[in-house]
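K.L.:
Attaching a single structure in structure tokens format; questions to follow.
There are 2 protein chains.
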Amino acid sequence: MRLSRYFLPVLKETPADATIASHQYMLRAGMMKQNSAGIYSWLPLGYKVLKNIEAIVRDEQNKAGANEMLMPTIQSADLWKETGRYDDYGPEMLRITDRHEREMLYGPTNEDMITDIFRSFVRSYKDLPQLLYHIQWKFRDERRPRFGVMRGREFLMKDAYSFDLTKEDAVKSYNRMFVAYLNTFARLGLKAVPMRADTGPIGGDLSHEFLILADTGESEVFCHSDLVDMAAPGDVDYDSDLQSFVDARTSLYAATDEMHEPDEFAKVPGDKQLSARGIEVGHIFYFGDKYSGPMGAKVMGSDGKESNVMMGSYGIGVSRLVGGIIEASHDENGIIWPKSVTPFGAGIINLKAGDDGTDAACEDLYGKLSKAGIDPLYDDKADRGGVKFGRMDLIGLPYQLVIGPRGVKDGIVEVKDRKTGEKQNLSYDETLNYITAQYRDK
Amino acid sequence: MRLSRYFLPVLKETPADATIASHQYMLRAGMMKQNSAGIYSWLPLGYKVLKNIEAIVRDEQNKAGANEMLMPTIQSADLWKETGRYDDYGPEMLRITDRHEREMLYGPTNEDMITDIFRSFVRSYKDLPQLLYHIQWKFRDERRPRFGVMRGREFLMKDAYSFDLTKEDAVKSYNRMFVAYLNTFARLGLKAVPMRADTGPIGGDLSHEFLILADTGESEVFCHSDLVDMAAPGDVDYDSDLQSFVDARTSLYAATDEMHEPDEFAKVPGDKQLSARGIEVGHIFYFGDKYSGPMGAKVMGSDGKESNVMMGSYGIGVSRLVGGIIEASHDENGIIWPKSVTPFGAGIINLKAGDDGTDAACEDLYGKLSKAGIDPLYDDKADRGGVKFGRMDLIGLPYQLVIGPRGVKDGIVEVKDRKTGEKQNLSYDETLNYITAQYRDK
């Protein structure tokens, strides 16, 4: 992409109401614009990151055997009355009356609706297990939306739902998602720790939150520090017994403040006791027949007897992850994108746009990197060098390739690593080889 | 995908309220389920088609130089009051009051919001032209939703918006989208005809609807029959002058009933006069400063003078296209997907699941086709042949690969072309080669 043809409205000043890094940088880097309190437009740069995160979440869900579908944003209140949640949910639910005076709502979550879909079609254990997910916009009418996409009102969530004949089978589905979440967050460049958590308005008796540690996190968390750097399971057979992956983590202490037990935490060796702040990026629940019971979602077992289907639900905050990744990966100059989600593979800075030699060198590299699948952003604008360096640091592409008249004379590109700040002078061919090598195993 | 692991709730009976083919088949083939009047869940099979269509629409928008972003579904009423559309829009607009009693709405379109975004950031002709689009769910509270996704309330639309300094430049943007639309619909396997159209609630003085001809279309259309089979421009340089592609079409008579001029139509040679019914799948508008004027979206020209930015908007009904394609491509047994949007590249029918030889032959072909990128659907269920044949015809994959014990003995697969009904017996290797060849140029 040529910057002259892109829509990247970078701001010089940090908007006054943005108090945390992700909120500040997303606004300054032209990733988003607020339309109403807690409601944002995703400008091209931000949307590319959001789509990259979504693609990784989707891929890991598919690997775990979940089938993608899409439920609508607007739901009938009737289903929520069946489960009793319509009254329970409180003012965070955006309630709507349509032109025929029917009570509707903007879905904050989908347990009720997916249970209705399930009961419409599935009757027999032969059609189990089922694991369905969608990635859809949700709305929670937060009293005080803040921190940009970290606590917005309209937000993108991946929510999966499992259906099993027995609790034992349901735990297997729960473990699938547990492992898929570990893999998902690792691919996003995050160290996410699963912690025992309160079940809140979803309910149920088994639940883990996945949190990334960051000073700006909304929760206080307590955990065994070995959990932070524990490697993700990676390429596993999701049909195999996954309990050991779960046990390796749940056997170590980890809890959010709501579930914290100081006496238990005290048993963790002193040098392993980690208390920090965390950002919730995922939450999984097993809640048995909490919804299938009142909604009559029953399946016939092999013994011919009907029973309530056993369910769980599994959420990942996709739009929130954009902010979460920035909180975990930035410096005083701007964002530092992990390679897996970066909006562009590298940035090319033309230090003298309009100079024939510099333009030609930049165009050549731009063409070759594009062809190699790197998807570079080429700053071909007329701004002076300082503006270009600052802007490129701010938007956080992993590599910056600087070409000016002097370098052109010597056949040299200055290649800067955004994260380390290290610079090296490489020939054009070396630059192309170096950058493509960085993305070979992505 | 193995059917035993998929969620494909096929219905035996046609639901009584479904009167047109696309509505009937989408319900029967387990593509969707109605949640409320005009509001649907997209089940896995339907969602895959929707995503395939979306990907083609996106690709052609990108080729035409449009930048993707995403605006939220929920908008503040304030913007619509600025343009005067809040009162004009009538009961089709879903109006919402949030917990702080602010007037909000579920966006039926985004001219007002994109103009607000534009005026927040762009001040100079140097930053023009801009061409931005998003693919987002919209809501129109239809009084009587019907025909499934063809006239639903919550629907997926691609809407693009162009910003130019002058009308002359704006027409170039209009032409870009005109050509992109021709290419988009051609890739979807559709013959879409651009017609002069009424501008309705969007407004403006230049507008074309793109319609596909189908007996179930909601509009009566009149056109020169040469337009129907005119080849799409294909791989063009979108920076070049595109007027000739537009003129080649607009010089021939084509109008919807609202804009029909019988006297003009009479001048079309008699054997070329086509009157038919059509389904609107795209609509493009040039409306100048209809929104930029009242909203004060001005840009500075090279002469230092400010003027209202000149705008257009360009819509494609993405979810409606799923229905539109089915209306254009089905028979009495079910859907016939074009290869470009088919949810799976081919279906494998195991005629004797549980038989070692048949299972092994199916598994082998399934593995090889998957590896070749064909994304096959493997019917590994225990149902009898008739059920499997009927289901596979219904869901409409372009090719069916039938393997039974007899074929296994002879090393033969029966390959059926869903569209022509032709069957041929091929060896396993020939089958693999044949199917991959069909998708080579996709």
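Chains as they are written, first to last, in our numbering: chain C, 1 to 442; chain S, 1001 to 1442. Each residue gets a CB set at the ideal place from its N, CA and C atoms; glycine is no exception.
(1) Please confirm if N62/C has its CB atom under 7 Å from at least one CB of chain S.
(2) Chain S partners of Q24/C, CB-CB under 7 Å?
(3) Okay, do the region 288–299 of chain C and the region 262–277 of chain C touch, 3+ Cβ pairs below 8 Å being the bar?
(4) When DSSP labels each residue in this structure, what does N333/C get in the three-state scheme?
(5) Could you tell me whether any Cβ in chain S is nearer than 7 Å to the Cβ of D98/C?
(6) If we define contact as Cβ-Cβ less than 7 Å, is Q1034/S a contact residue for chain C?
(7) Could you have a look at A1360/S and say whether DSSP puts it in helix, strand or coil?
(8) Could I get the ranges of all uninterrupted alpha helix (DSSP H) runs contained in the region 1094–1135 of chain S, with 4 residues as the minimum, in chain order?
(9) For A1437/S, count neighbouring Cβ atoms within 10 angstroms of its own Cβ and tell me buried if that reaches 16, exposed if not.
(10) Tell me which residues of the region 1102–1124 of chain S have at least one Cβ-Cβ distance to chain C shorter than 8 Å, keeping chain order.
(11) Near L70/C, which residues of its chain fall below 7 Å by C-beta distance, leaving aside the five closest residues on each side in sequence?
(12) Unbroken alpha helix (DSSP H) runs of length 4 or more, entirely within the region 239–284 of chain C: which are they?
(13) Is DSSP giving Y1291/S helix, strand or coil here?
(14) With a cut-off of 7 Å, does the C-beta of P44/C fall near any C-beta of chain S?
(15) Quick one: is I395/C near chain S, going by C-beta distance under 7 Å?
(16) For Q438/C, go through chain S and note every residue whose CB falls closer than 7 Å to its CB, in chain order.
(17) Based on Cα-Cα distance, which residue from D1257/S, A1180/S, L1165/S lies nearest to A1197/S?
(18) Using a C-beta cutoff of 7 Å, does E154/C count as contacting chain S?
(19) Do the region 1307–1327 of chain S and the region 1404–1424 of chain S touch if we need at least three Cβ pairs shorter than 8 Å?
(20) Along chain C, which residues have their Cβ under 9 Å away from the Cβ of Q1075/S?
(21) Between the Cα of R119/C and those of M300/C, K423/C, Y174/C, spot the shortest distance and give me the residue it belongs to.
(22) Skipping 5 residues on each side, what residues in its chain have a beta carbon closer than 7 Å to that of Q443/C?
(23) Strictly below 9 Å CB to CB, what residues from chain C border G1065/S?
(24) I'd like the span of the alpha helix (DSSP H) that includes S1225/S, first residue to last.
(25) Would you tell me roughly how many angstroms separate the C-alpha atoms of Y1428/S and I1435/S, rounded to the nearest one?
(26) Mind listing the chain C neighbours of L1132/S? Cutoff is C-beta to C-beta under 7 Å, in chain order.
(27) So with CB distances below 8 Å, who are the chain S contacts of R143/C?
(28) Once you ignore the five residues that flank R1028/S on each side, which residues in its own chain have a CB closer than 7 Å to its CB?
(29) In chain A, what lies closer than 7 Å to E1068/S by C-beta?
(30) Buried or exposed: S240/C, going by 16 or more other Cβ atoms within 10 Å of its Cβ?
(31) Is there a C-beta anywhere in chain S that falls below 7 Å from the one on P91/C?
(32) Taking the straight line between their C-alpha atoms, what separation do you get for G189/C and A360/C?
(33) Once you ignore the five residues that flank N1175/S on each side, which residues in its own chain have a CB closer than 7 Å to its CB?
(34) From N333/C to A276/C, what distance separates their C-alpha atoms?
(35) Kindly indicate which residue of D17/C, N67/C, A55/C has the alpha-carbon position closest to the one of F1007/S.
(36) Where M259/C and Y314/C are concerned, what is the direct C-alpha to C-alpha distance, given to the nearest angstrom?
P.N.:
Per the coordinate set shown:
(1) By 1-based counting over the first sequence, the position of residue 62/C is 62. So no, N62/C is outside the interface.
(2) Looking up residue 24/C in the first sequence gives position 24. Within chain S, no residue comes near Q24/C; the closest Cβ sits about 17 Å away, beyond 7 Å.
(3) no
(4) Along the first sequence, read from residue 1 onward, the residue named residue 333/C stands at position 333. Correct three-state label for N333/C: coil.
(5) The residue you call residue 98/C lines up with position 98 of the first sequence. Cβ-Cβ to chain S under 7 Å: yes for D98/C.
(6) Counted from its first residue, the second sequence places residue 1034/S at position 34. It does not; no Cβ of chain C falls within 7 Å.
(7) Against the second sequence, residue 1360/S aligns to sequence position 360. Helix at A1360/S.
(8) 1111–1121
(9) Position 437 of the second sequence, counted from the start, is the residue given in the question as residue 1437/S. Classification of A1437/S: exposed, given that the 10 Å Cβ count is below 16.
(10) R1102, M1104, Y1106, M1113, D1116, I1117, S1120, F1121, V1122
(11) As a first step, residue 70/C is located in the first sequence; it is residue number 70 there, counting from the start. For L70/C, where only same-chain residues beyond five positions count, the Cβ hits under 7 Å are H134, Q136.
(12) 243–250, 262–265
(13) In the second sequence, the residue the question calls residue 1291/S occupies position 291. DSSP places Y1291/S in coil when its eight states are reduced to three.
(14) Walking along the first sequence from the start, residue 44/C turns up at place 44. It does; some Cβ of chain S falls within 7 Å.
(15) Residue 395/C sits at position 395 when you count from the first residue of the first sequence. I395/C does not count as touching chain S.
(16) As a first step, residue 438/C must be located in the first sequence, where it is residue number 438. Ordered by position in chain S, no residue passes the 7 Å Cβ test against Q438/C, which lies about 24 Å from the chain.
(17) The count along the second sequence starts at 1 and reaches residue 1197/S at position 197. That would be D1257/S, whose Cα lies nearest to the Cα of A1197/S.
(18) Residue 154/C sits at position 154 when you count from the first residue of the first sequence. It does; some Cβ of chain S falls within 7 Å.
(19) no
(20) Taking the first residue of the second sequence as 1, we reach residue 1075/S at position 75. Within 9 Å Cβ-Cβ: N35, S36, I39.
(21) Here residue 119/C corresponds to residue number 119 of the first sequence, with the count starting at 1. Comparing Cα-Cα distances from R119/C to each of M300/C, K423/C, Y174/C, the minimum goes to M300/C.
(22) What the structure shows of chain C is the stretch from 1 to 442, and residue 443/C is not part of that stretch, so it cannot be assessed.
(23) Position 65 of the second sequence, counted from the first residue, corresponds to residue 1065/S. Ordered by position in chain C, the residues that pass the 9 Å Cβ test against G1065/S are R5.
(24) Looking up residue 1225/S in the second sequence gives position 225. Taken as a continuous stretch (DSSP letters only), S1225/S belongs to no alpha helix (DSSP H), as it is neither H nor E.
(25) Residue numbering aside, residue 1428/S sits at position 428 when the second sequence is read from its first letter. Residue numbering aside, residue 1435/S sits at position 435 when the second sequence is read from its first letter. Going by the C-alpha atoms only, they are around 11 Å apart.
(26) The count along the second sequence starts at 1 and reaches residue 1132/S at position 132. In chain order: F7.
(27) Within the first sequence, the letter at position 143 stands for residue 143/C. In chain order: R1099.
(28) One-based indexing of the second sequence puts residue 1028/S at position 28. Hits under 7 Å: V1010, L1011, T1014, L1394.
(29) Going by chain labels, chain A is absent from the structure shown, which instead holds the protein chains C and S.
(30) Along the first sequence, read from residue 1 onward, the residue named residue 240/C stands at position 240. With fewer than 16 other Cβ atoms within 10 Å, it is exposed.
(31) The sequence position of residue 91/C within the first sequence is 91, counting from 1. Chain S, which has a Cβ nearer than 7 Å to the Cβ of P91/C, makes this yes.
(32) Here residue 189/C is taken as the residue at index 189 of the first sequence, counted from 1. Here residue 360/C is taken as the residue at index 360 of the first sequence, counted from 1. Looking at the two C-alpha atoms, the distance is approximately 36 Å.
(33) Counting from one through the second sequence, the residue named residue 1175/S turns up at place 175. Only L1242, Q1243, V1246 meet the Cβ criterion.
(34) Position 333 of the first sequence, counted from the first residue, corresponds to residue 333/C. Position 276 of the first sequence, counted from the first residue, corresponds to residue 276/C. Straight-line Cα distance between these residues: approximately 25 Å.
(35) The residue labelled residue 1007/S in the question sits at position 7 within the second sequence. Out of D17/C, N67/C, A55/C, N67/C has the C-alpha closest to the C-alpha of F1007/S.
(36) Counting from one through the first sequence, the residue named residue 259/C turns up at place 259. Counting from one through the first sequence, the residue named residue 314/C turns up at place 314. Cα to Cα, the separation comes out at about 19 Å.
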